[in-house]
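One structure is given below, encoded as structure tokens.
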């Protein structure tokens with residue numbers, strides 16, 4: 368009987384994520400949501416994609432419909448390699464690139480290939496839940512290290528490294544949930560701390576191309592190519608529904624990742640891969656990306672200005688130079704879960720800070736997404752949030 | 368350093384599959400390949416799909432481009448549920464259907480959710496390697512049970528059940544590699560043997576709709592809905608490159624499968640899902656399926672007739688009523704790996720029997736795929752195979 372079936376230990380105690388529940392609550396057109404992590408659908412390049420989808424299916428159906436290589440479409444991998452050279456001045460051989468179903472699949476493959484129960488993994492605190500929950504299935508021990516305005520706290524990182532972690536998970540550009548970015552000095556120091564240890568750094572970079580201010584710092588891959596698992600995604604700059612991302616890994620690890628990917632789903636949708644590739648090669652791609660960055664920049668500016676105006680010194684907020692998220696720390700020590708409940712009754716939602724921590728109570732924080740609301744919604748939503756704040760505190 | 372990184376135990380000793388190596392060898396236009404498991408690209412409905420892809424992207428870009436539900440697109444799940452009722456007279460609630468990246472992903476999710484190291488899994492012998500290799504990552508103990516013309520050997524199955532397996536893996540229609548189908552009596556007996564044990568049966572049915580002879584027997588789900596994990600795929604009847612399959616599971620298990628799927632890749636490509644759905648609803652789908660069945664029927668017939676003519680009593684072969692594979696047992700006890708080497712020099716390849724067994728030497732067998740060659744290639748390829756046979760024995 369179904370009831371007497373024992374689940375595997377790795378999954379027996381895992382519950383659906385709290386954030387997933389919040390997102391369900393927010394799936395309601397009358398609610399203004401700063402809760403999600405969605406790109407703004409208004410900026411999807413749908414006309415270009417419609418035209419390109421039709422072309423691909425007509426001109427090269429065999430490249431889309433038959434079984435493909437586990438590693439992914441060679442032309443797409445080549446394009447990614449070329450972009451690393453052109454945009455980031457790093458040399459990433461095509462053979463080291465594996466196409467995945469979004470970055471999310473990279474977390475699962477990394478866990479599967481590298482983590483035994485009890486292995487240690489350094490994570491950012493607060494950190495990105497999607498990665499943490501995916502790795503959690505492989506039952507590691509997480510070592511949270513505080514993330515600050517310029518990256519991980521380096522003393523805490525050194526201490527955590529002395530516990531011999533196998534992996535370090537980081538989102539160095541426009542981090543989720545804080546919007547913080549690691550500066551070059553922090554990256555270089557971390558790289559030198561990790562170098563020659565039996566430890567890999569996962570550099571998760573879904574937001575790097577959505578920069579609207581400042582200059583990019585070098586990738587961890589620049590400092591430490593043999594110990595970096597570099598993750599990229601087209602979800603934020605093109606469209607998440609197509610589920611295409613990639614990872615870069617050193618050859619010995621790539622060999623195992625390919626075995627794991629083959630066991631997991633053989634390969635990623637070739638239609639999705641070719642559609643992404645066609646758009647990347649299209650003249651419309653660069654203007655699209657520029658338009659997207661401008662739109663998010665406007666929203667981020669407005670959200671920041673409005674928060675400063677409404678909350679003044681009651682709130683300390685991050686100042687993202689790109690990405691999709693802003694992080695709030697309220698001066699008062701109160702539970703933002705209370706604020707969430709009050710706010711959702713007024714018609715605005717966000718994610719309270721607590722779920723982003725695995726080890727401590729940090730109740731007075733909140734993550735606000737600015738990418739998928741209109742300017743009007745940001746204006747109205749923050750006014751409602753302020754009303755809720757006044758009621759709660 | 369990369370070299371000192373320890374891989375997880377589950378993957379440390381797994382090597383790339385032998386069949387994958389064979390398929391690479393066969394990826395050469397001058398070789399006639401009976402080795403693959405590919406559908407015939409000539410019968411891909413590419414024109415219909417090109418037209419439908421463009422329509423979908425134009426008419427409902429939001430349903431394709433934004434993040435979607437982990438469970439899959441509700442309309443596709445509803446369609447699958449409807450088809451089970453109409454075609455198979457079984458009642459499969461929509462909530463019990465999870466869309467996966469081909470059936471391959473179902474194996475991985477099942478392993479992840481149900482298997483602890485050392486758990487026992489009954490498999491068919493010879494059996495489908497893709498499933499076995501995917502489950503192997505979760506380190507179960509496999510209990511092979513001989514598959515015969517009408518399904519598993521029931522005595523051996525009873526004995527294997529006494530070892531308390533958690534899962535039984537079966538391909539009851541047009542099995543891979545044998546082409547055998549379970550008859551209704553075998554299914555019913557197996558269901559009664561499993562009933563009320565803490566054991567689930569994986570009913571993997573990628574080929575069921577490619578029937579060109581005989582009547583279908585009831586699904587295991589018909590006898591044992593609460594203990595059946597029923598797997599389906601659009602790879603064989605529409606196109607594998609889109610990577611869309613599904614699984615049916617009882618609610619308590621579905622809840623864990625959704626958590627695992629979310630951790631694995633959030634959801635399957637929505638473009639792939641909507642394109643499949645549009646074609647399933649299109650007037651061109653039924654004629655396409657009929658045409659495909661006729662084409663495979665012709666090939667299967669020709670392969671059988673030609674084998675009988677060339678090899679006579681030197682070979683005993685299966686008589687598939689559908690699917691894509693034919694199984695050969697040579698009367699002489701010789702190693703078909705030798706035959707493979709000789710044959711590939713002459714320009715024809717197949718898969719020797721050995722890799723389909725996990726526990727025994729059965730060297731005198733071979734799997735021949737009939738779906739993806741032309742009639743001419745079957746004719747020529749078997750003549751070459753016979754030449755190689757005469758040289759080898």
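Residue numbers (the working numbering), protein chains in the order written: chain L, 368 to 760; chain V, 368 to 760. We treat Cβ as the ideally placed atom computed from N, Cα and C, and that holds for glycine. Computed from a predicted structure; not experimentally measured.
Interface residues of chain V around residue 500/L at Cβ under 9 Å?
Those within 9 Å of residue 500/L in chain V are 626, 629 and 630.
Does the beta-carbon distance from residue 670/L to residue 735/L come in below 8 Å?
Yes; because the gap between Cβ atoms is below 8 Å, this pair is in contact.
For a minimum of 3 consecutive residues, which ranges assigned as the beta strand (DSSP E) are wholly contained in the stretch 458-493 of chain L?
Counting only runs of 3 or more, we get 464-467 and 487-492.
Residue 518/L - partner residues in DSSP beta bridges:
BP columns for residue 518/L point to 515/L.
Residue closest to residue 598/L, alpha-carbon to alpha-carbon, out of 440/L, 470/L and 434/L:
A check of alpha carbon separations from residue 598/L across 440/L, 470/L and 434/L identifies 470/L as the nearest.
Cutoff 8 Å: residue 480/V Cβ touching any chain L Cβ:
At least one chain L Cβ lies under 8 Å of residue 480/V.
Please say whether residue 588/V and residue 615/V have beta carbons closer to each other than 8 Å?
Their beta carbons are under 8 Å apart, which means residue 615/V touches residue 588/V by this criterion.
What do you reckon, are the CB atoms on residue 517/V and residue 549/V nearer than 8 Å?
Their beta carbons are under 8 Å apart, which means residue 517/V touches residue 549/V by this criterion.
Evaluate residue 606/L with the Cβ neighbour count: other Cβ atoms within 10 Å of its Cβ, from every protein chain shown; 16 or more gives buried, anything less gives exposed.
It counts as buried.
If I follow the unbroken beta strand (DSSP E) through residue 352/V, where does it start and stop?
The requested residue 352/V does not occur in the structure, where chain V is confined to residues 368 to 760.
Proximity below 8 Å, CB of residue 666/V to CB of residue 740/V
In this structure, residue 740/V lies closer than 8 Å to residue 666/V by Cβ.
Supposed close pair residue 579/V, residue 663/V - CB separation, criterion 8 Å
The pair is a contact, with the Cβ atoms about 6 Å apart (cut-off 8 Å).
Through-space distance from residue 722/L to residue 530/L, alpha-carbon basis
Residue 530/L and residue 722/L: Cα-Cα distance of roughly 25 Å.
Just confirm the distance between the C-beta atoms of residue 375/L and residue 646/L, as a whole number of angstroms; I'd bet it's less than 8 Å.
Their Cβ separation, rounded to whole angstroms, is 39 Å, which puts residue 375/L and residue 646/L out of contact at 8 Å.
For the stretch 411-428 of chain V, list every residue whose C-beta sits within 7 Å of some C-beta in chain L, in sequence order.
Cβ contacts with chain L come from 411, 413, 416, 417, 420, 421, 424, 425 and 428.
Between the beta-carbon of residue 554/L and the beta-carbon of residue 573/L, is there less than 8 Å?
Their beta carbons are not under 8 Å apart, which means residue 554/L does not touch residue 573/L by this criterion.
Residue range of the unbroken beta strand (DSSP E) whose run includes residue 569/L
567-571 is the span of the beta strand (DSSP E), which, as asked, contains residue 569/L.
Quick one: what's got a C-beta closer than 6 Å to residue 746/V's C-beta in the same chain, skipping five residues either side?
So no residue of the chain qualifies.
Could you work out which residue in 756/V, 759/V, 751/V and 758/V is closest to residue 399/V when comparing CA atoms only?
Per the Cα distances, 751/V.
Limits of the unbroken alpha helix (DSSP H) element including residue 531/V:
From DSSP, residue 531/V is part of no alpha helix (DSSP H); its letter is neither H nor E.
Taking residue 374/V as the query, report the chain L residues whose CB atoms sit under 7 Å from its CB, ordered along the chain.
Correct list: 480, 481 and 623.
For residue 448/V, collect the residues of the same chain with a Cβ closer than 8 Å to its Cβ; drop the 5 residues on either side in sequence, then sort them by chain order.
Within the same chain, Cβ atoms closer than 8 Å to the Cβ of residue 448/V are found at 459, 460, 461 and 464, the five residues on either side in sequence being excluded.
Which listed residue (683/V, 567/V and 435/V) has its alpha carbon closest to that of residue 731/V
The shortest C-alpha separation from residue 731/V is found at 683/V.
Can you tell me which of the three DSSP states residue 689/V falls into?
Secondary structure at residue 689/V: strand, using DSSP grouped into helix, strand and coil.
If we ignore side chains and look at the alpha-carbon of each, how far apart do residue 317/V and residue 442/L end up?
Since the displayed chain V opens at 368 and closes at 760, residue 317/V lies outside it and no answer follows.
Judging by CA-CA distance, which residue of 635/V, 486/V, 504/V and 501/V is the nearest neighbour of residue 565/V?
Among 635/V, 486/V, 504/V and 501/V, the Cα nearest to that of residue 565/V is on 486/V.
Interface residues of chain L facing residue 589/V [CB-CB closer than 9 Å]:
Near residue 589/V there are no residues of chain L at all, since even the closest Cβ is about 17 Å away, more than 9 Å.
Would you call the CB atoms of residue 719/L and residue 707/L closer than 8 Å?
Their beta carbons are under 8 Å apart, which means residue 719/L touches residue 707/L by this criterion.
Can you name, in chain order, every residue of its own chain whose Cβ lies under 8 Å from the Cβ of residue 742/V, other than the five neighbours on each side?
665, 666 and 669, listed in sequence order.
Would you check if there are 3 or more beta carbon pairs closer than 8 Å linking the stretch 495-513 of chain L to the stretch 650-657 of chain L?
They do not touch, by the three-pair rule.
According to DSSP, simplified to helix, strand and coil, what is residue 526/V?
Here residue 526/V sits in helix by DSSP.
In the DSSP assignment, find the unbroken alpha helix (DSSP H) run with residue 743/L in it and report its ends.
Its alpha helix (DSSP H) spans residues 742-759.
Contact criterion: CB-CB distance below 8 Å. Does residue 607/V meet it with respect to chain L?
With a threshold of 8 Å between beta carbons, residue 607/V makes contact with chain L.
Selection of the stretch 635-650 of chain L by Cβ proximity to chain V, strictly under 8 Å:
So the close ones are 635, 636, 637, 638, 639 and 642.
Residues of chain L with CB closer than 8 Å to the CB of residue 469/V, please, in chain order.
Chain L residues near residue 469/V: 632 and 633.
My output table needs one value for residue 559/L: the three-state DSSP class, helix, strand or coil.
Residue state for residue 559/L is assigned as helix, using DSSP reduced to three classes.
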